[in-house]
Amino acid sequence: MAATLARRAGRSAATTLWGAARGFASVGSDIVSAAPGVSLQKARSWDEGVATKFSTTPLKDIFYGKKVVIFGLPGAYTGVCSQAHVPSYKKNIDKLKAKGIDSVICVAVNDPYVLDGWAKKLDAKDTVSSYPLIFILYMSY
Numbered sequence: 001m002a003a004t005l006a007r008r009a010g011r012s013a014a015t016t017l018w019g020a021a022r023g024f025a026s027v028g029s030d031i032v033s034a035a036p037g038v039s040l041q042k043a044r045s046w047d048e049g050v051a052t053k054f055s056t057t058p059l060k061d062i063f064y065g066k067k068v069v070i071f072g073l074p075g076a077y078t079g080v081c082s083q084a085h086v087p088s089y090k091k092n093i094d095k096l097k098a099k100g101i102d103s104v105i106c107v108a109v110n111d112p113y114v115l116d117g118w119a120k121k122l123d124a125k126d127t128v129s130s131y132p133l134i135f136i137l138y139m140s141y
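Heads up, the sequence shown is in full-length UniProt numbering, so the first residue is 1 and it goes up one at a time.
Have a look at this one:
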């Protein structure tokens with residue numbers, strides 16, 4: 001009985017937590033206002049980073065006045081992510097663009113150098129730029 005009550009309490013807390021997270025990231029959220037002054041470092045090779053003095057891009061330049069799709073995945077080089085998730089967005093970029101989407105952002109927990117190598121491996125380097133915050137692949141057209 002005690003174990004059942006503990007499980008129910010845990011589920012209730014998790015539902016409350018994840019429900020709040022989903023609410024924060026709801027359609028129409030203003031990420032620029034939610035994180036003012038935040039800039040992201042573009043993922044690239046170490047040498048490219050040195051050459052650009054590890055320049056950053058303000059969130060407003062990525063999101064302000066744009067329609068952006070954001071999806072997350074566990075990490076670069078994982079099986080399903082490499083074989084299905086990112087390729088499916090890459091394959092459907094034109095359909096998303098036709099619906100008025102300006103960019104697609106993939107959130108992954110890796111450093112910018114790993115994401116850069118992964119984009120090259122997926123042959124997505126020309127359509128995918130990467131920014132780390134929680135490290136982000138940034139697909140543009």
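Even for Gly, the Cβ is constructed at its ideal location relative to N, Cα and C.
Values in this document were obtained by computation on a predicted structure and should not be read as measured data.
- Contact holds between the segment 91-102 and the segment 62-71, because three or more Cβ pairs, one in each stretch, are under 8 Å apart.
- As for any alpha helix (DSSP H) of minimum length 4 sitting wholly inside the UniProt domain "Thioredoxin" (29-141), the runs are 31-34, 46-51, 59-63, 86-91, 93-98 and 112-121, ordered along the chain.
- Contact between residue 33 and residue 57 is absent: CB atoms are separated by about 17 Å, not below the 8 Å threshold.
- Between residue 89 and residue 71 the beta-carbon gap is near 7 Å, inside 8 Å, which marks them as a contact.
- Rounded to whole angstroms, the separation of the alpha carbons of residue 123 and residue 91 is 12 Å.
- Our two residues, residue 115 and residue 61, have alpha carbons roughly 20 Å apart in a direct line.
- Contact between the segment 106-115 and the segment 35-54 is present: 3 or more CB-CB pairs across the two stretches fall below 8 Å.
- The residues 81, 85, 106 and 108, in chain order, have a CB closer than 7 Å to that of residue 73 in the same chain once the five nearest residues on each side in sequence are set aside.
- By the CB criterion at 9 Å, residue 59 and residue 35 fall inside the cutoff.
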